[in-house]
Amino acid sequence: MSKITLKNLRHSYLSHPQRDEDWALKEMSVEWSDGGAYALLGPSGCGKTTLLNIISGLVTPTQGEVWFGDVEVSHLPADKRNIAQVFQFPVVYDTMTVFDNLAFPLRNRDVNETDIDWKVREIAAMLDLSETLMKRASGLTADGKQKISLGRGLVRSDVNAIMFDEPLTVIDPHLKWILRSKLKELHQQIGNTMIYVTHDQTEALTFADQVVVMQEGEVVQIGSPVELFERPQHTFVGHFIGSPGMNVLACELDQGQPVYGGATVETTGKVAVEDPTARLEIGIRPEFISFADDGIAVSVEKVSDAGRVNIVETRHGDDVIKLLVPDGGNVPSENAFLKFDPDHTQVYANDWMVS
Amino acid sequence: MDNKTTHQKAWFFVLPVVVLVAFNAIIPLMTVVNYSVQETFGDNVFFWEGVKWFEDVLNSDRFHASLLRQLMFTGIILAIEVPLGVAIALTMPKKGPWVSVCLVFMAMPLLIPWNVVGAMWNIFALPDIGLLGHAINGMGIEYNFTRQPFAAWFTTVLMDVWHWTSLVVLLAYAGLRSIPEDYYQAAKIDGAKPWAVFLHIQLPKLKRVLTIAILLRFMDSFMIYTEPFVLTGGGPGNSTTFLSIDLVKVALGQFDLGPAAAMSLIYFLIVLLVCWVFYTLMMKNEDQ
Amino acid sequence: MKKISAVPIIYILFLMLPIYWLVNMSFKTTNEILGTFSLWPQEFTVANYVKIFTDPTWYTGYFNSLTYVGLNTVISVTVALPAAYAFSRFRFLGDKHLFFWLLTNRMAPPAVFALPFFQLYSAIELFDTPLAVALAHCLFNIPLAVWILEGFMSGVPKELDETAYVDGYPFWRFFIRIFLPTIAAGIGVACFFAFMFSWVELLLAKTLTSVAAKPIAATMTRTASTAGYELGLLAAAGTLTIIPGAFVIYFVRNYIAKGFALGRV
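Here it is in structure tokens:
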């Protein structure tokens, strides 16, 4: 087991990339510590599967290096890298039994049958597949098949890291929860590095210790779920995480303080803007806005019931500002004032946090 | 998967098809059945003969001989064309400009009128003026398909392989392309060797397509007429007289309506039976 | 260019050999063919082709063939469309049996039908017309077209029909303006196979014609059987029959894989 390091990685699927858009992965250097549970989160097309495949060896990067521990593996094929990968659609060998499916990677590596037997049974027990070992793999449900795919990765004792490429896509919702917990449990039991690609923030935030947020080929932020929520470094992270996402409002700067709605907005942190021509915005999550007697003037447009809270949509000029009011709280009917919590108000220049 | 609505008015939609096909199928078949149980000496006078023609045909050496030849022929070409077609499909490029080029060239034999196929191979294999004939004789092997039964068989089989293997290739290729890349990637990570990949991933996924290919090749080779007829005329002698060729000789050549009709029905029934067996097996595979 | 394995190349060369030989012969005189053996014409001549283009007995053969093939393709696909729609969207009395019965006609040996067709089409006085051949070929082309089209149509979600219905489209307008364009690829594939099987089939085509509607095949075999093998002419005639096929394949090359992928040949 070892640390995975990506140095100056850049990848394009075109043979002669010219412009920025031709690069599927823009320049990045990332370290993945040994035994960590990571999520790669981002919208479709942001490059997360590309990144995953580069780490696992199914894709060779156009530029940059991949290191496992002290060994450079950038050009090493996937079967030599001691990794396992679980794909979006269950990959099982239909003609074989569940037992033979799990044994397949070991048989290909000439492990003797006694070892294979107890290893397969051990993994099957971990995954609750013991009952079905002698059944034909093609007869299992989707979640059973994904467990087999996962199992094939776990049987190998030489596996450093396990990659997951949106593995719960085809699973029924009520089983998703069970499988997710299982994965977390497995991670604690076995301790391999696990990298989990998804576009679903709930999956990412519940599974991972560290989340890598990507957008358009760039790593936008790496942090724990709490960090991402409280201090999103990029407006995209603010949008994407949280439901509803962060409010992003265009603002101006006046003597180092952001100005919105004609009034200065308090922020706890210091604002440091280097580029005077940058596009400035304030970001604040609906959780940290409240109604007040004074502040930013808005008109109340809509109230949606979201269970324990109500999502209130208000309007200030052209901007829609959303805030959360606990169920039973007081919601003014037409005009009101909003107050932003200074601890959680961030300022962004060209989408990047500067406060 | 069945979310169809029950709608008896659908019969109007299928009516034109039913009319056209029934016209071509039922009326002639009724005629054939009619002839198969009667005897005629001309002038449209018929005598009931019952199952006499069927007995005659089923007991006739001539019929046995041509049936045997047909079975041998079909067996040989299936054994060659199916594995060969799959093997070629496995080596074809998956994407890129070469794909269209390959597909276009490989499809060409399929669109040549069957008599031209026969004529082309006739010219190609003749000992003095044909490239193949000249080449084989040039190697010291005596080869003349108009005189030697073995040479006639060899040429006919080679012609059929040339003509129809592409069908198997195209079907198998399409089947292979439908296998998601994930399977190959997972197999790579599992450390599977190429033979294991073929056995455990490609072959199972090709099952449906292969069944169709085998079924089609069986049917079409069992009914083959024009190409061998133009190539060898059924000869030398009757060494390459397959079922259809024999039937046409009896029906249109000799105008023996009764025996021809009986033979037709037996012929049709054999084809239907084998197809039905295959179709059932295929459907059974689907349900699994 | 990505590298290509040698196997497909060798196979293609094997496929082109007899064709090359045919084309080679078509540019030689019959005397040269019988006299000397050479890999390319010593005395290149287009006389054979000239003869075909100028002699009515020859070029009418092509017209006749193309006529009945065209007719058949149009008839087969046109009637197959509503039928395929019915099989795809509706359940009705006897539908599974009807579908199976249609398929069995594809399995019918043409030899079985040679004599009965001869009598049938003579009786309705269509003997020796392109229409007779076009109709006769419907026996196996219609089931094929229905099979192919049904496959493509089943891939279109029923919601499309229902939306149009709710939007108030009269059925025929929906069918022609919305549905058919959606399965355009399927129609192309069906037309291709109908064309193909009608173009290549010759037993029935010869049986049902004699003089007026004689297809090119009959003209060619007549040449071969008369004394004085006009080999060069035969070769030229054969080469010309390959051309329509080559054209058609070229135009549908992108759909060939797709059509076969449905596994519905």
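Residue numbers (this note's numbering), protein chains in the order written: chain B, 12 to 366; chain E, 1400 to 1687; chain H, 300 to 564.
Positions of the beta carbon are idealized from the N, C-alpha and C atoms, including for glycine.
Find out if the Cβ-Cβ distance for the pair residue i, residue j is shorter than 8 Å.
i       : j       : result
B:D154  : B:L197  : no
H:I351  : H:A511  : no
E:L1614 : E:F1667 : no
E:A1612 : E:A1488 : no
B:V9    : B:K130  : An answer regarding residue 9 of chain B cannot be provided, because it is not within the stretch 12 to 366 covered by chain B.
B:K14   : B:D45   : yes
H:A435  : E:L1646 : no
B:V231  : B:L51   : no
E:G1517 : E:F1621 : no
H:N347  : H:L507  : no
B:L36   : B:G58   : yes
H:I548  : E:P1492 : no
E:I1479 : E:V1560 : yes
B:F247  : B:D362  : yes
E:V1556 : E:V1485 : no
Just checking: is the beta-carbon of residue i within a distance shorter than 8 Å of some beta-carbon in chain E?
i      : result
B:A89  : yes
H:A526 : In this prediction, H:A526 has a pLDDT of 38, which is less than 50 and means its spatial position is unreliable; nothing more can be read from the coordinates.
H:W320 : yes
B:T106 : yes
H:T481 : no
H:R472 : no
H:G537 : yes
B:Q96  : yes
B:G58  : no
B:R163 : yes
H:P469 : no
H:I311 : yes
H:I476 : Note that residue 476 of chain H corresponds to Arg in the displayed sequence, not to Ile. Judged by the 8 Å Cβ criterion, H:R476 is not in contact with chain E.
B:F100 : yes
H:L459 : no
Does residue i have its Cβ less than 8 Å from a Cβ in chain B?
i       : result
E:Q1601 : no
E:G1399 : Here chain E covers residues 1400 to 1687 and nothing more, so residue 1399 of chain E does not appear.
E:Y1582 : yes
E:P1492 : no
E:K1648 : no
E:A1585 : yes
Quick one: is residue i near chain H, going by C-beta distance under 8 Å?
i       : result
E:I1613 : no
E:L1593 : A small correction: the amino acid at residue 1593 of chain E is Pro; Leu does not occupy that position in the sequence shown. Answer no: the Cβ-Cβ gap between E:P1593 and chain H never drops below 8 Å.
E:I1475 : no
E:L1651 : yes
Quiz item: When you check each C-beta in the segment 330-348 of chain H against every C-beta of chain E, which residues fall closer than 9 Å?
Solution: Under the 9 Å Cβ criterion, the segment 330-348 of chain H contributes I332, L333, F336, L338.
Quiz item: Is there contact between the segment 1591-1598 of chain E and the segment 1511-1527 of chain E, where contact requires at least three CB pairs shorter than 8 Å?
Solution: The segment 1591-1598 of chain E, when compared against the segment 1511-1527 of chain E, does not touch it at the 8 Å Cβ threshold.
Quiz item: Is the segment 167-184 of chain B close to the segment 193-212 of chain B, with three or more CB pairs under 8 Å?
Solution: Yes, the segment 167-184 of chain B touches the segment 193-212 of chain B.
Practice problem: Quick one: which unbroken beta strand (DSSP E) runs of 3-plus residues sit fully inside the segment 69-111 of chain B? Chain order, please. | Solution: Fully enclosed beta strand (DSSP E) runs of 3 or longer: 74-79, 94-97.
Exercise. Give a yes or no on contact between the segment 1540-1560 of chain E and the segment 1632-1648 of chain E, applying the rule of three or more CB pairs nearer than 8 Å.
Key: These segments touch.
Exercise. For the segment 279-316 of chain B, list the alpha helix (DSSP H) runs that are entirely contained and at least 4 residues long, ordered along the chain.
Key: Fully enclosed alpha helix (DSSP H) runs of 4 or longer: not present.
Practice problem: Take every Cβ of the segment 392-400 of chain H, pair it with every Cβ of the segment 1426-1445 of chain E, and state whether three or more of those distances are shorter than 8 Å. | Solution: As far as the Cβ criterion goes, the segment 392-400 of chain H does not touch the segment 1426-1445 of chain E, which means the pair count is below three.
Quiz item: Can you list, in chain order, the stretches of the alpha helix (DSSP H) that have 4 or more residues and sit fully within the segment 322-366 of chain H?
Solution: Listed in chain order, the complete alpha helix (DSSP H) runs (minimum 4 residues) inside the segment 322-366 of chain H are 329-334, 346-353.
Exercise. Pick out the complete alpha helix (DSSP H) segments inside the segment 1576-1652 of chain E, 4 residues or longer, and give them in chain order.
Key: The qualifying runs are 1580-1588, 1593-1596, 1602-1621, 1625-1631, 1642-1647.
Quiz item: According to a CB-to-CB cut-off of less than 7 Å, which residues of the segment 112-135 of chain B neighbour chain E?
Solution: Only F115, P116, N119, R120 from the segment 112-135 of chain B bring a Cβ to less than 7 Å from some Cβ of chain E.
Practice problem: Quick one: which residues of the segment 1495-1515 of chain E get their C-beta closer than 9 Å to a C-beta of chain H? List them in chain order. | Solution: Listed by position along the chain: G1495, P1496, W1497, V1498, S1499, V1500, C1501, L1502, V1503, F1504, M1505, A1506, M1507, P1508, L1509, L1510, I1511, P1512, W1513, N1514, V1515.
Quiz item: Considering only residues of the segment 1415-1497 of chain E, which uninterrupted beta strand (DSSP E) runs meet the minimum length of 3 residues and lie entirely inside it, listed in chain order?
Solution: Runs of the beta strand (DSSP E) inside the segment 1415-1497 of chain E: 1437-1439, 1445-1447.
Quiz item: According to a CB-to-CB cut-off of less than 8 Å, which residues of the segment 484-505 of chain H neighbour chain E?
Solution: Close to chain E, meaning a Cβ-Cβ distance shorter than 8 Å, are the following residues of the segment 484-505 of chain H: M495, W498, V499, E500, L501, L502.
Quiz item: In chain order, which alpha helix (DSSP H) runs of at least 4 residues are fully inside the segment 383-460 of chain H?
Solution: With a minimum length of 4 residues, the continuous alpha helix (DSSP H) runs that stay inside the segment 383-460 of chain H are 394-405, 409-422, 429-453.
Self-check item: the segment 440-453 of chain H touching the segment 365-381 of chain H, judged by at least three CB pairs closer than 8 Å
Solution: These segments touch.
Exercise. Assess, as a yes-or-no matter, whether the segment 138-151 of chain B is touched by the segment 100-114 of chain B under the definition of 3 or more beta carbon pairs within less than 8 Å.
Key: Counting C-beta pairs closer than 8 Å gives three or more between the segment 100-114 of chain B and the segment 138-151 of chain B, which meets the contact rule.
Practice problem: Anything in the segment 1615-1632 of chain E with a Cβ closer than 8 Å to a Cβ of chain H? List those residues in chain order, please. | Solution: Correct list: L1615, M1618, F1621, M1622, Y1624, T1625, V1629.
Quiz item: Listed in chain order, which residues of the segment 400-424 of chain H have Cβ atoms closer than 7 Å to some Cβ of chain E?
Solution: The segment 400-424 of chain H vs chain E, Cβ under 7 Å: L401, T403, N404, M406, A407, P408, P409, A410, V411, F412, A413, L414, P415, F416, Q418, L419.
Quiz item: Residue ranges of each beta strand (DSSP E) run of no fewer than 3 residues wholly in the segment 179-213 of chain B, ordered along the chain?
Solution: Runs of the beta strand (DSSP E) inside the segment 179-213 of chain B: 204-209.
Practice problem: Below 7 Å between beta carbons is the criterion; list the residues of the segment 1539-1560 of chain E that meet it against any residue of chain H, in chain order. | Solution: If the cut-off is 7 Å between Cβ atoms, the segment 1539-1560 of chain E has nothing near chain H.
Exercise. Note down, in chain order, all residues in the segment 1449-1461 of chain E with a beta-carbon under 7 Å from any beta-carbon belonging to chain B.
Key: Result list empty, no residue passes.
Quiz item: Residues in the segment 1401-1416 of chain E with C-beta within 9 Å of chain H's C-beta atoms, listed in sequence order?
Solution: Result list: D1401, N1402, K1403, T1404, T1405, H1406, Q1407, K1408, A1409, W1410, F1411, F1412, V1413, L1414, P1415, V1416.
Quiz item: Which residues, in order along the segment 51-79 of chain B, keep a beta-carbon less than 9 Å from a beta-carbon of chain E?
Solution: For the segment 51-79 of chain B, which is checked against every Cβ of chain E, the residues closer than 9 Å are N64, S67, G68, L69.
Quiz item: Is the number of C-beta pairs between the segment 330-349 of chain H and the segment 403-422 of chain H that are closer than 8 Å three or more?
Solution: Segments in contact, no.
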